[in-house]
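The structure appears right after this line, and notes come after that.
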Amino acid sequence: MSKPPRPWARVLLAAVLFLPTPIVAARPALAGFLADDWLGVPAAVLAIPAYLLLFILIAQSNSGFSARMEG
Amino acid sequence: MSASILSFFATIAVTLAITVWAGRRGQSKAALYTAGGEISGGQNGLAIAGDFLSATTLLGTTALFYAKGADTALYYICPLVGFALMLLLIAGPLRRLGRFTIGDVMVARLGDERMRLFAAASSIVIALIYLIAQMVGAGTLISVLFGLSFTAAVLTMGGLVTIYVAFGGMLAATWVQIVKAVLLVASVAGMSLLVLGQTGGPAALYDRVAGLHPLGAHVFDAGGFQMDMFSALSFAVGQSLGILGLPHLLIRFFTVPDEAAARKSIVVAVWIIGAVFMLLFAIVGPGAIALVMGDPAYQAADGSGIIGGGNMAVLHLATALGGQPLYGIMAGIAFATILAVVAGLTISAASASSHDLANTLRGQPLPDRTEVAVFRLATVAISVAAMLLAILFQHENVAFLAALVFAIAASTNFPVLILALYWNRTTAAGAMAGGFAGLVGSVVLIVLGPSVWVKILGHAAPVFPSDYPTLVTVPLAFAVAIAVSLMGARKPLASGA
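In the order they appear, the protein sequences are chains A and B.
So for the first sequence, my numbering puts the first residue at 382; every next one is plus one.
So for the second sequence, my numbering puts the first residue at 556; every next one is plus one.
Here is the structure:
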């Protein structure tokens, strides 16, 4: 019987994906592109909702992972 | 009768009707604490969204976008990270191990009844501080919206919530939160469509925003909050991990029948909260700038900003989009939003008082009828304390309290729950020492930080350089808990996570 998966790799993944948010806020030069024109609108209004969607999908996938982890 | 007064009385009538219905469904301990564990995953997801999406979310973050621009995204992204981690680490085990309160879970894992005292203390402290912050902000808002005095607004809010919780318990609070969540989603979606219709589409909307805002096109760029790296990281960590320690969210997992429903409830909540955040960031926030910032009808004559303060940006936007009828509807939804969150906080503190505190102090379980009476008494006591403190602090700047709530939640309940669930060598003494270190550390560092030490106490420079201590206090809590556990006698844990 295989050992149930542990969650720490996913916690690390979430942390790594999440880190750009505060770093960009503290170092706005890194995010100069957010005010650029993408498809006729500022990049931020596409990039930030896309980033939110990413974490929604991580939460969605965590549901199945969590169920397997807990047997 | 104006639209806002009509919506005020409609909100009161609907929420009281829900309370009467819920009260008739059952008055047992299980009914009052957890709605008998019969809430479905989908319903609980809506209720979690209703519990979490506070007036701060709807009004406060839009006001922040209006003033500071895209950095407001921090307030949207961090909670979703927190909910993703909550689903992964806490939701299932919490439902499996707990019945009524977080204290049940800690005792089940650490096998020491004294953990109830710790769980009750942290739940009551977090809920009470959060209640003061909510009530001071909401009292001001309600007085502006409905023409009441601050004291009358706070007494109305506190009185209504006492009735919901004491007589309708968790079932009433749940359905107030569900109704509020549905109304909030519908109103934010409706306003988004109206903004796009009135401004001529996304491209025209954002051009108008860049033309009107003092930051120009940089309103969409990062940097508006002007945070240093430590503060930005600490703020973000606190906003994310704090979600995993907020008792009024955690006790919602005891209202569903099983772990699968607990997991489903977070997935539903995350989709709802995420959708609301996307619309607020991409359309409603920019819409407030496009339609309110340039219109002198919404600007104070003394040049101090918009009439009624920054939190009124969404409500002025509603007026710009749909006149007094839409303003009235949004005012009613804002009122329902406040009531739903205050109800959730009150129930978490009252159940911790009656189930954990009273039983532990007595040394043996109270009879169910007595515990229900204590729950009602605690509801009244907590509401009265919150109302009095809100009235006392009405002229104070309480903005630091919101940061304090998240710092305490992230530095007390979060480390204790994670260690209790996932590290088998955790002892009750270690958990309590770690949680206490996190609590004291959070309070001390916030008092020594710029918002309290300089702005309120009048010192020249802060002792601690940031308003956000979580980056220090969370590791501190973990380190103390682990060190004390390792020093103590090793004892097998009661049940697996």
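For each residue, glycine too, the CB sits at the ideal point set by N, CA and C.
Helix, strand or coil at residue i [DSSP, three-state]
{"i": "Val1018/B", "result": "coil"}
{"i": "Gln753/B", "result": "helix"}
{"i": "Gln441/A", "result": "helix"}
{"i": "Pro920/B", "result": "coil"}
{"i": "Trp419/A", "result": "strand"}
{"i": "Gln598/B", "result": "helix"}
{"i": "Ile902/B", "result": "helix"}
{"i": "Ile806/B", "result": "helix"}
{"i": "Thr574/B", "result": "helix"}
{"i": "Ile862/B", "result": "coil"}
{"i": "Gly1051/B", "result": "Low confidence applies here, because Gly1051/B scores a pLDDT of 49, under 50, leaving its location unreliable; read the following figure in that light. Three-state result, Gly1051/B: coil."}
{"i": "Val794/B", "result": "The question names Val, but residue 794/B is Gln in the sequence shown. Helix."}
{"i": "Gln949/B", "result": "coil"}
{"i": "Gln732/B", "result": "helix"}
{"i": "Leu689/B", "result": "The question names Leu, yet the displayed sequence has Gln at residue 689/B. DSSP places Gln689/B in helix when its eight states are reduced to three."}
Cutoff 6 Å; reference residue i; Cβ partners in own chain excluding five residues on either side
{"i": "Thr967/B", "result": "Ser677, Gly990, Gly993, Leu994"}
{"i": "Gly597/B", "result": "Val823"}
{"i": "Thr711/B", "result": "none"}
{"i": "Thr627/B", "result": "Thr616, Leu619, Phe620"}
{"i": "Leu1000/B", "result": "Phe1019, Pro1024"}
{"i": "Gly581/B", "result": "none"}
{"i": "Met987/B", "result": "Phe673"}
{"i": "Ser908/B", "result": "Ala933"}
{"i": "Gly578/B", "result": "Phe722, Gly723"}
{"i": "Gly840/B", "result": "Thr617, Phe620"}
Residue i classed as buried or exposed, judged by whether at least 16 other C-beta atoms fall within 10 angstroms
{"i": "Ser583/B", "result": "exposed"}
{"i": "Gly1051/B", "result": "Since pLDDT at Gly1051/B reaches only 49, below the 50 mark, its modelled position is unreliable, and no value is offered."}
{"i": "Val1027/B", "result": "buried"}
{"i": "Gln781/B", "result": "exposed"}
{"i": "Met833/B", "result": "buried"}
{"i": "Pro1020/B", "result": "exposed"}
{"i": "His1014/B", "result": "exposed"}
{"i": "Ser786/B", "result": "buried"}
{"i": "Trp1008/B", "result": "buried"}
{"i": "Gly883/B", "result": "buried"}
{"i": "Ser704/B", "result": "exposed"}
{"i": "Asp1068/B", "result": "With chain B running from 556 to 1052 in the structure shown, residue 1068/B is simply not present."}
{"i": "Met885/B", "result": "buried"}
{"i": "Pro1080/B", "result": "Lying outside 556 to 1052, the shown extent of chain B, residue 1080/B is not represented and no answer is given."}
{"i": "Met784/B", "result": "exposed"}
{"i": "Trp576/B", "result": "exposed"}
{"i": "Ser859/B", "result": "exposed"}
{"i": "Phe775/B", "result": "buried"}
Beta carbon of residue i nearer than 9 Å to that of residue j
{"i": "Leu749/B", "j": "Thr892/B", "result": "no"}
{"i": "Met725/B", "j": "Tyr621/B", "result": "no"}
{"i": "Phe930/B", "j": "Asn599/B", "result": "no"}
{"i": "Lys735/B", "j": "Gly605/B", "result": "yes"}
{"i": "Ala425/A", "j": "Ala852/B", "result": "no"}
{"i": "Val960/B", "j": "Gly797/B", "result": "yes"}
{"i": "Ala791/B", "j": "Leu411/A", "result": "no"}
{"i": "Ala416/A", "j": "His773/B", "result": "yes"}
Same chain, Cβ closer than 8 Å to residue i, neighbours up to 5 away in sequence not counted
{"i": "Asn914/B", "result": "Arg671, Pro920, Leu921, Glu926"}
{"i": "Ala855/B", "result": "Ile861, Ile862"}
Heavy atom of the ligand GDP within 8 Å of residue i beta-carbon
{"i": "Val405/A", "result": "As far as ligands go, the structure on display features none, and thus does not contain the ligand GDP."}
7 Å Cβ shell around residue i - same chain, five flanking residues per side excluded
{"i": "Gly647/B", "result": "Glu814, Ala817, Arg818"}
{"i": "Ala984/B", "result": "Val1039, Gly1043"}
{"i": "Ser698/B", "result": "Ser704, Phe705, Ala708"}
Can you pull out the residues from the segment 775 to 789 of chain B whose beta carbon lies closer than 7 Å to at least one beta carbon of chain A?
Closer than 7 Å at the C-beta level to chain A, one finds these residues of the segment 775 to 789 of chain B: Phe775, Asp776, Ala777, Gly778, Phe780, Met782, Asp783, Met784, Ala787, Leu788.
Residues of the segment 815 to 834 of chain B in Cβ contact with chain A at a cutoff of 8 Å, in chain order, please.
Listed in chain order, the positions of the segment 815 to 834 of chain B with a beta carbon within less than 8 Å of a beta carbon of chain A are Ala815, Arg818, Lys819, Ile821, Val822, Val825, Trp826, Gly829, Phe832, Met833.
- Give the residues from the segment 617 to 647 of chain B that approach chain A closer than 8 Å (Cβ to any Cβ), ordered along the chain. Going along the segment 617 to 647 of chain B in chain order, one finds Ala625, Asp626, Ala628, Leu629, Tyr631, Ile632, Cys633, Leu635, Val636, Phe638, Ala639, Leu640, Leu642, Leu643, Leu644, Ala646, Gly647 with a Cβ nearer than 8 Å to chain A.
Could you name the residues of the segment 391 to 415 of chain A whose beta carbon sits closer than 9 Å to any beta carbon of chain B, in the order they occur along the chain?
Hits within the stretch, in order: Arg391, Val392, Ala395, Ala396, Leu398, Phe399, Leu400, Thr402, Pro403, Ile404, Val405, Ala406, Ala407, Arg408, Pro409, Ala410, Leu411, Ala412, Gly413, Phe414, Leu415.
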